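Peer 1: Input: one structure, supplied below.
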Amino acid sequence: MFDDLLQIAIQYLPRLLVGALQTIKITSIGVSLGFLLGLVIGFCRAYKVPLVTQLGQVYVAIIRGTPLLVQLFFIFFGLPSLTGSAIPPLVAGISAITINSGAYFSEIVRGAVQSIRKSQVEAGRSLGLGWFKTMRFVIWPQAFINALPSLGNQFIISLKDTSLMAVISVEELTRNGQIIIAATFRAFQIWLLVALIYLVMTGLLSIILNQVEKKFSRYMYA
Amino acid sequence: MIKKWCNEMDKDPVIKLRNIHKSFGDLHVLKGIDLDVHHGEVLVIIGPSGCGKSTLLRCINLLEKPDDGKIIFEGKNILEPGIDINQVRTRLGIVFQGFNLFPHMTVIENVMLGPKESLGFSKEKARNIAEKQLAHVGLIEKADAFPVQLSGGQQQRVAIARSLGMAPRAILLDEITSALDPETIGEVLSVMKDLASEGTTMVVVSHEMGFAREVAHRVVFIDGGLIVEEGPPQRIFDEPQNERTRNFISMIL
Numbered sequence: 495m496f497d498d499l500l501q502i503a504i505q506y507l508p509r510l511l512v513g514a515l516q517t518i519k520i521t522s523i524g525v526s527l528g529f530l531l532g533l534v535i536g537f538c539r540a541y542k543v544p545l546v547t548q549l550g551q552v553y554v555a556i557i558r559g560t561p562l563l564v565q566l567f568f569i570f571f572g573l574p575s576l577t578g579s580a581i582p583p584l585v586a587g588i589s590a591i592t593i594n595s596g597a598y599f600s601e602i603v604r605g606a607v608q609s610i611r612k613s614q615v616e617a618g619r620s621l622g623l624g625w626f627k628t629m630r631f632v633i634w635p636q637a638f639i640n641a642l643p644s645l646g647n648q649f650i651i652s653l654k655d656t657s658l659m660a661v662i663s664v665e666e667l668t669r670n671g672q673i674i675i676a677a678t679f680r681a682f683q684i685w686l687l688v689a690l691i692y693l694v695m696t697g698l699l700s701i702i703l704n705q706v707e708k709k710f711s712r713y714m715y716a
Numbered sequence: 447m448i449k450k451w452c453n454e455m456d457k458d459p460v461i462k463l464r465n466i467h468k469s470f471g472d473l474h475v476l477k478g479i480d481l482d483v484h485h486g487e488v489l490v491i492i493g494p495s496g497c498g499k500s501t502l503l504r505c506i507n508l509l510e511k512p513d514d515g516k517i518i519f520e521g522k523n524i525l526e527p528g529i530d531i532n533q534v535r536t537r538l539g540i541v542f543q544g545f546n547l548f549p550h551m552t553v554i555e556n557v558m559l560g561p562k563e564s565l566g567f568s569k570e571k572a573r574n575i576a577e578k579q580l581a582h583v584g585l586i587e588k589a590d591a592f593p594v595q596l597s598g599g600q601q602q603r604v605a606i607a608r609s610l611g612m613a614p615r616a617i618l619l620d621e622i623t624s625a626l627d628p629e630t631i632g633e634v635l636s637v638m639k640d641l642a643s644e645g646t647t648m649v650v651v652s653h654e655m656g657f658a659r660e661v662a663h664r665v666v667f668i669d670g671g672l673i674v675e676e677g678p679p680q681r682i683f684d685e686p687q688n689e690r691t692r693n694f695i696s697m698i699l
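The listed protein sequences correspond, in order, to chains A and B.
Each residue of the first sequence is one higher than the one before, counting from 495 in my numbering.
Each residue of the second sequence is one higher than the one before, counting from 447 in my numbering.
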C-alpha cells in the first residue's frame with residue numbers, strides 16, 4: 495500500500511494541487527461574500543432593524559435547519575428547473591458556500607455585538623461621543639476581537655464544506671481525487687493524499703488565525 | 447478653602463435641578479428632587495440602597511432621562527428638545543462604580559479617546575492632555591498598560607483621569623470606591639481629596655462617610671426618592687434633625 499505512495503504522489507500531486515487551488519478560490523470568494531452577508535444581517539439583527547431582523551431569523555432558521563448538500567442541489571438542480579436557465583457549477587458552488595456561511599456568520603456577528611456590556615456604551619456616550627463613534631471606537635473593536643475564534647472556526651468549516659462541490663462536478667480537490675481514482679484505482683493512496691492536503695490547508699489557516707487572534711487579543715492576557 | 451467656596455456661592459449654580467421625577471415601570475424612584483450644585487462645591491449624596499441616589503446622578507448627565515422636571519446646566523435646561531446631549535456630556539464628567547474602562551485600549555488611549563474624538567483635538571494635543579491627567583492621578587508610568595493589568599484602584603484612577611481629560615465643569619462620581627478592595631480604596635479617596643482641594647466641582651454618591659465628613663461642603667440625605675435633609679457634614683452626621691436621617695446615620699457609623 496505504502497510502497498508506491500511516493501511514486502503516485504509525485505505523479506498526481508500536480509493535478510491534486512490544481513484542485514486544491516480551486517478549493518482555495520471557492521473558499522475565499524464564498525467566505526468573503528458570506529462574511530459580508532453575515533455582517534449586514536448580523537448587525538441588523540443586533541440592532542433590531544425592522545423587517546431585516548425577521549427576514550434574517552427565517553433565513554438563519556432555513557440554512558441552519560437544512561443540509562448544505564440539499565442547499566447545493568436546490569441551487570444547482572432546483573432553481574434551473576424553475577427558471578429554465580442553467581447555473582454553471584462553479585457559480586452554484588460559490589453561491590451555496592456564500593449563503594450557507596452567511597447564515598452562520600450572521601449569528602456570530604450578532605452574538606459578538608450583543609455580548610459587549612451596555613456599560614461600555616454608557617462609558618463612551620458619557621465622554622460625549624455620539625452613537626456611531628461609540629460603536630466605531632468602543633463596541634465594534636471589542637466585538638470583533640471576541641468574534642475572532644468563531645469567525646476562524648467558520649472559515650475552516652466552509653473550506654472543508656467545499657468538498658461537497660464534487661457532486662456537481664466542480665473540479666476542486668475532492669473531485670480531482672475522484673477523477674484520478676477512476677483512472678488509476680489507487681483509492682487508498684489518493685484519498686490519503688487528498689486528506690493530507692486538506693489537513694495542510696486547514697492547519698496553515700489555523701496557524702494564521704491564531705496569530706491574528708494573538709495580535710488582537712493581547713489585552714486579554716494580564 | 448471653605449471661604450473661597452462661600453464666595454462662589456453667590457454666583458449661579460453650575461447645576462440646578464428642579465422637581466426631577468423618574469420612574470422605571472411602576473417603580474417611582476425619584477419623586478421631585480430640587481438641588482443646586484455650586485461652583486467648586488463638593489456635594490456628597492448619601493442614603494440607603496435603592497433610595498435613588500445613583501439614578502439621580504445618572505439623570506444629571508442624561509444617562510437616564512427624567513420623566514419630569516428641569517436640569518439647568520450652564521444656564522440652559524438640558525431636558526429641552528434641541529439640546530445637543532453629546533455637547534452637554536463633554537462638560538459633565540462621570541465616573542462609574544465598575545470603572546468601565548475600554549479593555550481593548552491602553553491606559554493612555556482610554557484617556558485620549560474623548561479629547562480626540564469628542565472634542566476634536568489633534569492626536570498630539572490629546573496625548574498631552576492624557577499624559578497630564580495620568581500624572582495627575584499618579585499613573586503616568588502605566589500609560590501603555592492595558593486595564594486588565596491594573597489593580598481596581600488603579601483602574602478607577604484611570605477612569606477619573608479619563609473623565610478629567612475632557613476638562614468638565616463638574617464631575618459626577620457614582621459610588622466609585624464600592625467595587626474596590628479595601629486596600630485600594632485609600633488611593634482613590636486621596637485622588638478625590640486632591641481634586642476637591644483644587645476646587646473641582648464634584649457630585650459624589652458615596653458610602654465613605656469619613657470622606658464625606660472630611661471633604662464635603664454639603665451632604666444631602668435622600669430616602670424614598672426625596673431629599674430628606676441637607677446641610678454641612680458636621681450637622682448631618684452629628685446633629686441630624688430628621689428621624690430617618692438619624693436612623694440611617696446611626697446604622698452606618
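Where is the CB? At the ideal position from N, CA and C, for every residue including glycine.
Computed from a predicted structure; not experimentally measured.
Express the C-alpha separation of A/R619 and B/L538 in angstroms, rounding to a whole number.
Peer 2: Roughly 11 Å separates the two Cα atoms.
Peer 1: Does DSSP classify A/A716 as helix, strand or coil?
Peer 2: Here A/A716 scores only 47 on pLDDT, less than 50, and its place in the model is too uncertain to base an answer on.
Peer 1: Is there a Cβ from chain B that is less than 8 Å from the Cβ of A/Q648?
Peer 2: no
Peer 1: Looking only at its own chain, which residues have a Cβ that is under 6 Å from the Cβ of A/I593, when we skip the five neighbours before and after it?
Peer 2: none
Peer 1: Going by the CB atoms, is the gap between B/L585 and B/V634 shorter than 8 Å?
Peer 2: no
Peer 1: Pull up the CB-CB distance for B/L508 and B/I491, whole angstroms please, since I reckon it's below 8 Å.
Peer 2: Contact doesn't hold; Cβ gap of about 18 Å is too wide.
Peer 1: Would you please verify whether the beta carbon of B/L509 is less than 8 Å from any beta carbon of chain A?
Peer 2: Closer than 8 Å to some Cβ of chain A, the Cβ of B/L509 qualifies, so yes.
Peer 1: Under a Cβ-count criterion, where at least 16 other Cβ atoms within 10 Å of its own Cβ denotes burial, should A/S600 be classed as buried or exposed?
Peer 2: Buried, by the Cβ-count rule.
Peer 1: A/K627 touches chain B at which residues, Cβ-Cβ below 8 Å?
Peer 2: E563, S564
Peer 1: Rounded to the nearest angstrom, how far is the Cβ of B/L641 from that of B/K477, given a contact under 8 Å?
Peer 2: The Cβ separation is near 31 Å, so there is no contact.
Peer 1: Can the beta-carbon of B/G599 be found closer than 8 Å to that of B/G560?
Peer 2: no
Peer 1: Give, in chain order, every unbroken run of the beta strand (DSSP E) that is at least 3 residues long and sits entirely within the segment 511–536 of chain B.
Peer 2: 514–519
Peer 1: In chain A, what lies closer than 8 Å to B/N574 by C-beta?
Peer 2: Residues of chain A passing the Cβ test: none, with the nearest at roughly 17 Å.
Peer 1: Could you list which residues in chain A have their beta carbon closer than 7 Å to that of B/H550, in chain order?
Peer 2: P635, Q636, I639, Y713
Peer 1: Around the C-beta of B/N465, are 16 or more other C-beta atoms found within 10 angstroms, so that it is buried, or is it exposed?
Peer 2: exposed
Peer 1: Anyone know if the C-beta pair for B/I668 and B/G498 falls short of 8 Å?
Peer 2: B/I668 places its beta carbon less than 8 Å from that of B/G498.
Peer 1: Residues of chain A with a CB under 9 Å from the CB of B/F542: which are they?
Peer 2: Residues of chain A with a Cβ closer than 9 Å to the Cβ of B/F542 are, in chain order, S613, E616, A617, S620.
Peer 1: Using a Cβ distance threshold of 8 Å, determine whether the segment 512–531 of chain A contacts the segment 612–628 of chain A, with at least three qualifying pairs required.
Peer 2: no
Peer 1: Specify the secondary structure class of A/G578 as computed by DSSP and reduced to three states.
Peer 2: coil
Peer 1: Can you confirm whether A/V632, when its beta carbon is compared against all beta carbons of chain B, has any partner nearer than 8 Å?
Peer 2: At least one chain B Cβ lies under 8 Å of A/V632.
Peer 1: Between the Cα of A/P583 and those of A/S663, A/L545, A/Q551, A/G559, spot the shortest distance and give me the residue it belongs to.
Peer 2: Comparing alpha-carbon positions, the option among A/S663, A/L545, A/Q551, A/G559 lying closest to A/P583 turns out to be A/S663.
Peer 1: Rounded to a whole number of angstroms, what is the C-alpha to C-alpha distance between A/A503 and A/L686?
Peer 2: Their backbone Cα atoms lie some 10 Å apart in a straight line.
Peer 1: Can you give the Cα-Cα distance for A/A540 and B/L596, rounded to whole angstroms?
Peer 2: Rounded to whole angstroms, A/A540 to B/L596 spans 32 Å at the Cα level.
Peer 1: Is there a Cβ from chain A that is less than 8 Å from the Cβ of B/M447?
Peer 2: Any reading at B/M447 must be qualified, since the residue scores a pLDDT of 48, below 50, and its modelled position is unreliable; no value is offered.
Peer 1: What residues from the segment 690–708 of chain A come within 7 Å of chain B, judged by C-beta to C-beta, listed N to C?
Peer 2: none
Peer 1: Rounded to whole angstroms, what's the CA-CA distance from B/K503 to B/R681? Just pull it up for me.
Peer 2: Looking at the sequence provided, one finds Leu at residue 503 of chain B rather than Lys. The alpha-carbon of B/L503 is positioned some 23 Å away from that of B/R681.
Peer 1: Under 8 Å, Cβ to Cβ, is there at least one residue of chain B near A/L623?
Peer 2: Closer than 8 Å: yes.
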